[in-house]
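K.L.:
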Amino acid sequence: MLAPVLTLTTDFGATEYVAQMKGAILSVHPEARIVDVSHEVQPQNVLEGAYVMAATVPYFPKGTVHVGVVDPGVGTVRRGLAIQCRRGWLVGPDNGLLWPAAEALGLEQVRALEDRRFFRKTVSATFHGRDVFAPVAAHLAVDGPDAFGALGSVVDDAIRLRLGEGAAWEGSLVRGVVLHVDRFGNVVTNVPADMVERWGVGSEAAVEIAQKPHRMRRVSTYGDGGPDEPVLLISSSGFLEVAMNEENAARRLGVRPGLPVAVHFTDGSP
Amino acid sequence: MLAPVLTLTTDFGATEYVAQMKGAILSVHPEARIVDVSHEVQPQNVLEGAYVMAATVPYFPKGTVHVGVVDPGVGTVRRGLAIQCRRGWLVGPDNGLLWPAAEALGLEQVRALEDRRFFRKTVSATFHGRDVFAPVAAHLAVDGPDAFGALGSVVDDAIRLRLGEGAAWEGSLVRGVVLHVDRFGNVVTNVPADMVERWGVGSEAAVEIAQKPHRMRRVSTYGDGGPDEPVLLISSSGFLEVAMNEENAARRLGVRPGLPVAVHFTDGSP
Amino acid sequence: MLAPVLTLTTDFGATEYVAQMKGAILSVHPEARIVDVSHEVQPQNVLEGAYVMAATVPYFPKGTVHVGVVDPGVGTVRRGLAIQCRRGWLVGPDNGLLWPAAEALGLEQVRALEDRRFFRKTVSATFHGRDVFAPVAAHLAVDGPDAFGALGSVVDDAIRLRLGEGAAWEGSLVRGVVLHVDRFGNVVTNVPADMVERWGVGSEAAVEIAQKPHRMRRVSTYGDGGPDEPVLLISSSGFLEVAMNEENAARRLGVRPGLPVAVHFTDGSP
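These protein sequence lines map, in sequence, to chains V, Z and R.
The numbers in our numbering rise by one with no breaks, and the one at position 168 of the first sequence is 168.
Plus 270 on top of the position in the second sequence (first one is 1) and you've got our numbering.
Plus 540 on top of the position in the third sequence (first one is 1) and you've got our numbering.
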C-alpha cells in the first residue's frame, strides 16, 4: 500500500529542528513521505501559521496528515491536539493554529494528546514538535482512525481562531489586518473575497495601510498594475491582497504582518 | 514500478506556494517523488532561473520531470510549454526559462499547454505553477509520451534563451554578465569555459567588475587563492567564475546578478 | 525492500548545489529517500556543522546514511571518509565534521574514500559533495557493509573533534564557546549538561557573554523566563543554552557562533 503523506508547517526556519521531527516520524513509520509546507512562519505568530496551513492543506490528497508547530506555549499547560477531518488529519498545539485548516478540511472530531505510548520515550520540555506531535502524526499515518480513537479524550473546548474574524464593516469601510507577506512582497489581508465581491475588476478604493492613504484599483492579475501602482486583487487563497506589478509592495508601503488595513470602495456603497 | 522523480525550480522562496505545487502534484500522482532544486532564484530573474535549471537538471536520472516557475508574465497571454528531451521533460512558461535546460537534456519537441483536462479544475489567474504546470508535470510523470502528445499543439517559435549569448570577444576583452551569486559569494559569469580554455592555470588577467579594475590569477581550486585575493576559475557548471578563498567575493567586490564583467588575459592574445 | 534514508547537512544554503547532490544520489540509487538536515550551517564553520549533525542524526532510523559537507579544504589533499557506526553511516571530509555524530551513533570503523568506482565519472576540483560524497553515500545505502569494505583502506588517524572540548572549569567558572544560534535566537553553548547538572532549576549564575555581564536564573522551559529576562536552560540536545521567553536572545545580547561564554553559578561551589 502506498506510503501516506505528512506535511510540516513550523516557525523553525530551515533548521535541524525540522530534520529532528522528520527523523522522529521516520523512526515510527519508515515509509512516511514528508512534505515541507513552510518553516518561515514569523516566529510565534500563530495567526500567520494558521493562514499558511489553511491556504495549503486543501491542495493535498485526502488522508494526508498535517502537523503544525507554532507553539509559544510549549512546556506550559497548553494541550496537544489531533483533529480528524473529512479530508485529512491535523496535529499540533491547542492555540488556534490548526483551526482554520480543520474547517477547510471538514472538521469531524478533536482529541487531546494524552496517551504517552504515542510519544517518544523521552519528552523534552522545549520541543513537543519532535517528541509528541511528530510521532503522533506518524501513528495517524499508519493506523488512521484506530490510532485517533486511542490518543486521548474527545475535546469540545479547543481554542478556535478564524482568519477573517478581525475583518468587519465599519460604516462604508472594511477593516482588517495583514495576515501574511509573501516572498514577492504581496500583502495578504484577512478580508475574505466574499466581503468585497460586489466590487469587480475596475472598481476603485481608498485604502489606508501602514498609516498612509492610497488610491487603488481592483484588478484581476498582477500584470494589470501599472508601474509603481499598488493594486487590489483576490489572492489565490481567497483573501483581498495588495500587490504591485514586479515590485515588492510590502517594502514599498512599509507593511508587516499584523498591521491594520482599511478599505473604502468609492464606486457604489456596501 | 518505481515512482518517477519531479524537480521544482522557482523564485517563490521556501514558502507555502511551493507546498501547494507539491500538493497539486501528489493529488494527480500520489507516488511522485519531488525534489527541490532551488526556490531562491532572484524574484522574476528569468536568466538566473534558466542558469540554475541548466546547471542542475543534467545530474538527475533519465526520465525526470523538471518544473520551472519564474514567471513575471503569469496571467497575461504568454503560453505554457512542455518540452520532451532525450533525457527528461521540462514544464513551465514560454519565456526562455526552460531553454538552456532543454538543450542540456537533448531537446526533441516543444508543445503548448492547451488541453485543460491536464490542469486543475479551477485555474487561478495568478498561480499557473500550481494550477497548470504542477498537474501537467504529474501527468507527464505518470504517462510520459502518451500524456505529452495530448497536451496541445507542437510549437516551433518558443522563446529561446542562451546563457552564454551575452558573452563575446571585443578586441582582446571577453565581455559578459554575472549570471548568479552563490551562497559563498562565488560569482558565476556567463562566459563559457571554452571561450577561455587557452589560458590555463597560472595565467593572469585584468578584470573589470562592478566598475572596478582587479588583477586576478587563473587557479584550479578555491583553496589556491591567497588571503584577500580574488581569483578566476572554471565553476563546476562550466562557466568562468570569480571567487575568494574562504571569503565572500560578491560582497567584497560589490557584485550582484546582472552586472557586466570584462576580462583581459595578459599572457598571450586571443 | 524499503528504500533507505539518506540525510544531507551542508553550508550550501537552499541552493542548486544541494539539488545536484540529490540528483547524483538518485542517479546511483533511484529509490533513495533523501531528507535535508540543514543547509544553513555558517559557511565553512566545521564546528557548527559538527554540532548540527550530532544533534540530529540520533533521531533517524538505524541504517540511515548521513552525508556532511562543510569543507573549506575541498580540492586540497584532505581525505574523504566513510564511517561505519552501530546505528548508521557517515560520509564527508576528514576535518572533524563527522566525528561527534560518529560518537553519537557508536563509531565502529573509518575508511578513506579511495576507490574511484564509487565516485562520479568526472570529479570536479571544487565540489566533492556532489562528485564523491553523494555517490559514495548512495552506494552505502544500497549495499551497506559490502560497499563499505571496498571503499578504501582503514584509517586510524582521522581528525577528531569534540563539541565539548573547549568547555572547561577555570576555578569556579565554566568557560565555553557558542556552538550555534537557532532561528529563535536561542544560544547553544558547548557546555555539556553534565558539567552543570548540580545546579538545578532555580539556581542563579553570573554569565559573561559578548563581553557583557548578566545575572541569569536556571529554568526548565522557555516559558519560565520573565519579560526581557535572559535565562539558562538545558537545550533539547543536551548543552547549556541562553534564551529569552518570546524574544531573540542572540540579537538582544549581541551573540554569534564562536564567541566565548563564562558562567559562574553563585549558589554552591563546584
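Glycine is no exception: its CB is placed at the ideal position from the N, C-alpha and C atoms.
1. Just how far apart, CA to CA, sit G632 (chain R) and A463 (chain Z)?
2. Please go through the same chain and pick out, in chain order, the residues whose beta-carbon is closer than 7 Å to the beta-carbon of R485 (chain Z), but skip the five residues on each side of it.
3. Alpha carbon to alpha carbon, how far is V307 (chain Z) from T326 (chain Z)? Give it in angstroms, no decimals.
4. What do you reckon, is the C-beta of R468 (chain Z) under 8 Å from a heavy atom of the ligand HEM?
5. Take every Cβ of the region 488 to 506 of chain Z, pair it with every Cβ of the region 424 to 433 of chain Z, and state whether three or more of those distances are shorter than 8 Å.
6. To the nearest angstrom, how far is it from the Cα of R348 (chain Z) to the Cα of E229 (chain V)?
7. Is it the case that the Cβ atoms of M53 (chain V) and A134 (chain V) are separated by a distance below 9 Å?
8. Name, going along the chain, the residues of the region 211 to 240 of chain V whose beta-carbon falls closer than 7 Å to a beta-carbon of chain Z.
9. Going along the chain, which residues of its own chain have a beta-carbon closer than 6 Å to the beta-carbon of L713 (chain R), five neighbours each way excluded?
10. Note down, in chain order, each residue of its chain lying with its Cβ closer than 6 Å to the Cβ of L367 (chain Z), except the 5 sequence neighbours on either side.
11. For the alpha helix (DSSP H) holding A407 (chain Z), just list the boundary residues, first then last.
12. Can you give me, in chain order, the residues of the region 596 to 609 of chain R that have a beta carbon less than 7 Å from any beta carbon in chain V?
13. Rounded to whole angstroms, how far is the Cβ of E786 (chain R) from the Cβ of P72 (chain V), which I believe are closer than 8 Å?
14. Which whole-angstrom value describes the C-beta separation of P601 (chain R) and L81 (chain V), a residue pair presumed to lie in contact below a C-beta threshold of 8 Å?
15. Please tell me whether V471 (chain Z) and I574 (chain R) are closer than 9 Å, where the distance is taken between their beta carbons.
16. How would you label A303 (chain V), buried or exposed, when you count the other beta carbons within 10 angstroms and need 16 or more for buried?
17. Which same chain residues, not among the five before or five after L431 (chain Z), have their C-beta less than 6 Å away from its C-beta?
18. Considering only residues of the same chain and omitting the five flanking positions on each side of C85 (chain V), which have a CB-CB separation below 7 Å?
19. Let me know the secondary structure DSSP gives P462 (chain Z) once reduced to three states.
20. Taking 8 Å as the limit between beta carbons, can you name the residues of its chain near I159 (chain V), skipping five residues before and five after?
21. Judging by CA-CA distance, which residue of R:G763, R:V721, R:V795 and R:E748 is the nearest neighbour of M784 (chain R)?
22. Under 9 Å, do A678 (chain R) and L548 (chain R) count as touching if we go by C-beta distance?
23. Counting only runs that start and end within the region 224 to 266 of chain V, where is the alpha helix (DSSP H) found for 4 or more residues in a row?
24. Suppose you measure from the CA of I83 (chain V) to the CA of G144 (chain V); what does that come to, to the nearest Å?
25. In chain order, what residues of the same chain lie with their CB nearer than 6 Å to the CB of V65 (chain V), ignoring the 5 residues before and after it?
26. For F119 (chain V), which option in V:R198, V:R130 and V:V177 has the closest C-alpha, if you only look at C-alpha atoms?
27. Can you give me the start and stop residues for the beta strand (DSSP E) that T279 (chain Z) sits inside?
28. Any C-beta of chain R sitting closer than 9 Å to the C-beta of D306 (chain Z)?
29. I'd like to check one pair, G704 (chain R) with G716 (chain R): are the Cβ atoms closer than 9 Å?
30. Once the 5 residues before and after D655 (chain R) are set aside, which same chain residues still bring their CB inside 7 Å of it?
31. Would you mind telling me which residues of chain V sit closer than 8 Å to F667 (chain R), beta carbon to beta carbon, in chain order?
32. Ignoring anything shorter than 4 residues, give me the alpha helix (DSSP H) runs that lie fully in the region 272 to 327 of chain Z, in order along the chain.
33. Strictly under 9 Å for the Cβ-Cβ distance: is D551 (chain R) near chain V by that measure?
34. List, in order along the chain, the chain V residues whose C-beta lies closer than 9 Å to that of L296 (chain Z)?
35. Can you tell me the Cα-Cα spacing of P540 (chain Z) and L523 (chain Z), whole angstroms?
36. Shorter than 9 Å from the beta carbon of A554 (chain R) to some beta carbon of chain Z?
P.N.:
The short version:
1. 28 Å
2. In chain order, E474 and A476 place their CB closer than 7 Å to the CB of R485 (chain Z), counting only its own chain and leaving out the 5 sequence neighbours on each side.
3. 7 Å
4. This structure lacks the ligand HEM; in fact it carries no ligand of any kind.
5. Between the region 488 to 506 of chain Z and the region 424 to 433 of chain Z, the count of C-beta pairs closer than 8 Å stays below three; the two stretches do not touch.
6. Approximately 22 Å between the Cα atoms of the pair.
7. The criterion of a C-beta distance shorter than 9 Å is not satisfied by M53 (chain V) and A134 (chain V).
8. Within the region 211 to 240 of chain V, the residues whose Cβ lies closer than 7 Å to some Cβ of chain Z are S220, T221, Y222, G223 and S236, listed in chain order.
9. A802 and H804
10. V316, G319, A320, G338 and V340
11. A404 to D413
12. Listed in chain order, the positions of the region 596 to 609 of chain R with a beta carbon within less than 7 Å of a beta carbon of chain V are T596, Y599, F600 and P601.
13. Between E786 (chain R) and P72 (chain V), the beta carbon gap of about 6 Å places them in contact (Cβ cut-off 8 Å).
14. The Cβ separation is near 27 Å, so there is no contact.
15. Cβ atoms of V471 (chain Z) and I574 (chain R): not closer than 9 Å.
16. With chain V covering 1 to 270 only, the question about residue 303 (chain V) has no answer from this structure.
17. If the five residues before and after L431 (chain Z) are omitted, its C-beta is found closer than 6 Å to the C-beta atoms of A320, G366 and W369, all from its own chain and listed in chain order.
18. A102, L105, G106, L107 and E108
19. Reduced to three states, the DSSP call for P462 (chain Z) is strand.
20. Cβ-Cβ distances below 8 Å link I159 (chain V) to D94, N95, G96 and W99 in the same chain, with the five nearest sequence neighbours on each side left out; the list follows chain order.
21. R:G763
22. no
23. 249 to 253
24. C-alpha separation (whole angstroms): 11 Å.
25. L6, W89, A137, L140 and A141
26. V:R130
27. Start and end: V275 to T280.
28. yes
29. Yes, the Cβ-Cβ distance between G716 (chain R) and G704 (chain R) is below 9 Å.
30. A690, L691 and G692
31. Residues of chain V passing the Cβ test: none, with the nearest at roughly 21 Å.
32. 286 to 298 and 316 to 326
33. no
34. V5, R33, V35, Y59, F60, P61 and T64
35. Residue confidence is low: P540 (chain Z) scores 43 on pLDDT, short of 50, so the model does not pin down where it sits. Its coordinate-derived value is still stated next. Rounded to the nearest angstrom, the two C-alpha atoms are 26 Å apart.
36. yes
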